[in-house]
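Respectively, the protein sequence lines represent chains A and B. Note that full-length UniProt numbering gives residue 324 to position 324 of the first sequence, counting from 1, and the numbers run on in steps of one. Note that full-length UniProt numbering gives residue 105 to position 105 of the second sequence, counting from 1, and the numbers run on in steps of one.
2 protein chains.
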Amino acid sequence: MEKQTITIYDVAREAGVSMATVSRVVNGNPNVKPATRKKVLEVIDRLDYRPNAVARGLASKKTTTVGVIIPDVTNIYFSSLARGIDDVATMYKYNIILANSDENGQKEIQVLNTLLAKQVDGIIFMGNQVTDSLRHEFQRSKTPIVLAGSVDPKEEVGSVNIDYVAAIEEAVSTLIKHGNKKIAFVTGNLDDPINGMYRLKGYKQALNKANIDFDANLIFETEYSHKAGEAIWQKVKAAGATAAVVGDDELAIGLVNGATDDGAKLPNDFEVITSNDSKLTEIARPKLSSVTQPLYDIGAVAMRLLTKMMNKEEIDNETVLLPYGIVERGTTK
Amino acid sequence: MEKQTITIYDVAREAGVSMATVSRVVNGNPNVKPATRKKVLEVIDRLDYRPNAVARGLASKKTTTVGVIIPDVTNIYFSSLARGIDDVATMYKYNIILANSDENGQKEIQVLNTLLAKQVDGIIFMGNQVTDSLRHEFQRSKTPIVLAGSVDPKEEVGSVNIDYVAAIEEAVSTLIKHGNKKIAFVTGNLDDPINGMYRLKGYKQALNKANIDFDANLIFETEYSHKAGEAIWQKVKAAGATAAVVGDDELAIGLVNGATDDGAKLPNDFEVITSNDSKLTEIARPKLSSVTQPLYDIGAVAMRLLTKMMNKEEIDNETVLLPYGIVERGTTK
DNA sequence: CTGTTAGCGCGTTCAT
DNA sequence: ATGAACGCGCTAACAG
């Protein structure tokens, strides 16, 4: 199994120079006479030499690869972020090791450890919550980490997000303005601070400003899936809600479909505003009104931030908030 | 920047044994006296030692990571395959380097090269077509490669797919049985053999068996997006088609939405059968009838096949076809 | 069962 | 501008 074993040494010998010189031209070190550079380049080309990144990694202590922990690539919200991450990673000559965690705490720290063992230069984490054990692992490794579309209430690690509190407050206020008094809050795991702390807080604030009492029966915690959305419609309806803010697009479509299949006419009989503005919102019928957030950019900016950290550059702000908005499409009056 | 630099040497010294012994216990080599194993393990735990995978890779010439070239993670079809790939990769202790290619030939070979430079143990390729330059790169590296949901007409590289010819023939036949005579064939790039060769062949065969003349005006080549589907509806309609087989779910939903928004009632006014049976088919309204194919499994089996190749096991069949089917949901009578 | 000794392929001083 | 030599952390024979 002699895998392509042309080393820097072969090139050096063939070109009549030393390994050091070859290394220099490969790494673009200017201290090489143009003539010899040309000669070396030529040999490299002729021998079809390809630098071994592993050896390089060992010697330089840099792998030019970053780890990305993602709950599930199959979820359009996360895959959109991932795309942004990969694009700017590529832009900065990094590669991505992608690992699905299913938001399972144990898998997460497991994966984190193998990522660190592989000497990734940095890590981007997407997931429900930064548990203490996870934070512990983060800290004992000096590897830079940034959260994308995920939040650490203690703000001990860099992150890029939107202002979830304000976004949901605005969404709920919009619904209130449309005349709704009983607005369901349908979302995923409330252990995720994005749901249980921020979004819920925004929800309550909007209610408060409108002098509407908070009703715990209007809070629905479920999973991010179309099926879960369909299933929860009856409960939402039974609770007397006339509208809902939903934490995930797929879930929202499920709810909308559940309502529609049940004979409800949206948006007149029921209104919904979802949270991620993924492409699903335009695919659904009626199209989903939504909080807008720049998914691709969240990933892209997170990766950009990470490059700065890996590069030990000065960083003005470890936690960046990107702008959000509200678009009203077919599920609001 | 003293990154956690506890080496195998530190452990050896601290435990009063040689590096070799430490290496043995770390790698589960049975030739170690239980007592010393225990001692070493204890030191490893106390020192919080983590084997450096890069050094290991250099020494063993195995990185336990495989490269995955994907057109776009954001496309549910591919991300479904990716999920299957990652899951079995994890199962076999591999990690995945994920790289988006946008089906851009140049990016593909570019990415392929950096993957090889990083010494991945294997590669899974998803993409339109295996161009000659790509095949050239494949061959000059002795690295195992398998295609997932992608096809190489020359069958020179392993792959896992479904029988696209038969699947589409069956889909079209179903449409014909429903009384349709003018059936549009709406798909992506015809340069992709899956579209231009296999699916198209199945389409023609079905027509042929029903004695329906092939009409080139019913062939629509576009891109895999919802928008493209909406846009092409008017053309499909103008061509007089009463039904369509579509090569991508997002594209199909676009077509369906385009028709519906235009006042058509599906499935009575128009029928459509899509090709991937991704979760989008259940999300859309009406739900999409579809060729079914085990997306997750295609990825999983591809990865499994790759592990065998990396392991130099005997392989009975380099190109495996998984079963497909047809489900009729809301877009067929 | 355990220790010694070579590399793996490349980056990086330190001389020259 | 270029070369010699050492080391990155670990695996893999080979002895013992």
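Don't be surprised by glycine CBs; every beta carbon is placed ideally from N, CA and C.
Simplified DSSP assignment, three categories, for residue i
i                     : result
Thr274 (chain B)      : strand
residue 374 (chain B) : Outside the shown range of chain B (1 to 333) lies residue 374 (chain B), about which nothing can therefore be said.
Ser150 (chain A)      : coil
Thr319 (chain B)      : strand
Thr21 (chain A)       : helix
Ser80 (chain B)       : helix
Ile183 (chain A)      : strand
Ser141 (chain B)      : coil
Ile212 (chain A)      : coil
Asn161 (chain A)      : strand
Asn95 (chain B)       : strand
Asn100 (chain A)      : strand
Ala117 (chain B)      : helix
Thr332 (chain B)      : coil
Ser290 (chain B)      : strand
Ile327 (chain A)      : Reading the sequence as shown, one finds Val at residue 327 (chain A) and not Ile. Three-state result, Val327 (chain A): strand.
Gly223 (chain A)      : Here residue 223 (chain A) is Glu; the residue named in the question, Gly, does not match the sequence. Coil, per DSSP.
Ala264 (chain A)      : coil
With 16 other Cβ atoms within 10 Å as the buried cut-off, status of residue i
i                : result
Phe214 (chain A) : exposed
Asn211 (chain A) : exposed
Lys118 (chain B) : buried
Ala89 (chain A)  : buried
Glu313 (chain A) : exposed
Met126 (chain A) : buried
Ile283 (chain A) : buried
Asp86 (chain A)  : buried
Arg285 (chain B) : buried
Glu156 (chain B) : exposed
Gly28 (chain A)  : exposed
Asn208 (chain B) : exposed
Pro71 (chain B)  : buried
Asp316 (chain B) : exposed
Tyr224 (chain A) : buried
Tyr324 (chain B) : buried
Asp277 (chain B) : buried
Ser60 (chain B)  : exposed
Residue i versus residue j - alpha carbon distance
i                     : j                : result
Ile194 (chain B)      : Val320 (chain B) : 15 Å
residue 334 (chain A) : Ser80 (chain A)  : The requested residue 334 (chain A) does not occur in the structure, where chain A is confined to residues 1 to 333.
residue 365 (chain B) : Arg46 (chain B)  : Nothing in the structure corresponds to residue 365 (chain B), since chain B is present only between 1 and 333.
His178 (chain B)      : Val146 (chain B) : 38 Å
Met1 (chain A)        : Lys142 (chain B) : For Met1 (chain A), the predicted model reports a pLDDT of 37, less than 50, meaning its position is unreliable; a value from the coordinates is still stated below. Their Cα atoms are separated by approximately 8 Å.
Ala166 (chain B)      : Asp48 (chain A)  : 43 Å
Gly158 (chain A)      : Gly299 (chain A) : 13 Å
Asn31 (chain B)       : Arg24 (chain B)  : 8 Å
Gly247 (chain A)      : Thr74 (chain B)  : 19 Å
Thr7 (chain A)        : Gly57 (chain A)  : 15 Å
Lys3 (chain A)        : His226 (chain A) : Annotation note: pLDDT 48 at Lys3 (chain A) (below 50); position unreliable, coordinate value reported separately. Cα-Cα distance, rounded: 47 Å.
Val68 (chain B)       : Glu137 (chain B) : 15 Å
Glu42 (chain A)       : Leu280 (chain A) : 51 Å
Asp249 (chain B)      : Gly263 (chain A) : 26 Å
Leu306 (chain A)      : Pro144 (chain A) : 7 Å
Asn128 (chain A)      : Ser150 (chain A) : 7 Å
Lys308 (chain B)      : Thr114 (chain B) : 23 Å
Asp297 (chain B)      : Ile76 (chain B)  : 14 Å
Leu295 (chain A)      : Lys107 (chain A) : 25 Å
Gly84 (chain B)       : Ala12 (chain B)  : 40 Å
Lys265 (chain A)      : Glu170 (chain B) : 37 Å
Arg37 (chain B)       : Val111 (chain A) : 25 Å
CB of residue i within 8 Å of CB of residue j, strictly
i                : j                : result
Asp121 (chain B) : Val66 (chain B)  : yes
Leu134 (chain A) : Ile96 (chain A)  : no
Thr64 (chain B)  : Lys93 (chain B)  : yes
Ala148 (chain A) : Val130 (chain A) : no
Thr174 (chain A) : Pro267 (chain A) : no
Gly254 (chain B) : Glu271 (chain B) : no
Ser290 (chain A) : Ser275 (chain A) : yes
Ile183 (chain A) : Ala252 (chain A) : no
Leu116 (chain B) : Arg304 (chain A) : no
Presumed contact (8 Å Cβ cut-off) between residue i and residue j, rounded CB distance
i                     : j                : result
Thr222 (chain B)      : Gly188 (chain B) : 7 Å
Phe185 (chain B)      : Tyr203 (chain B) : 5 Å
Thr292 (chain B)      : Val256 (chain B) : The pair is not a contact, with the Cβ atoms about 18 Å apart (cut-off 8 Å).
residue 380 (chain A) : Ala302 (chain A) : Past the edges of chain A, shown from 1 to 333, lies residue 380 (chain A), and the structure says nothing about it.
Leu322 (chain B)      : Ile162 (chain B) : 5 Å
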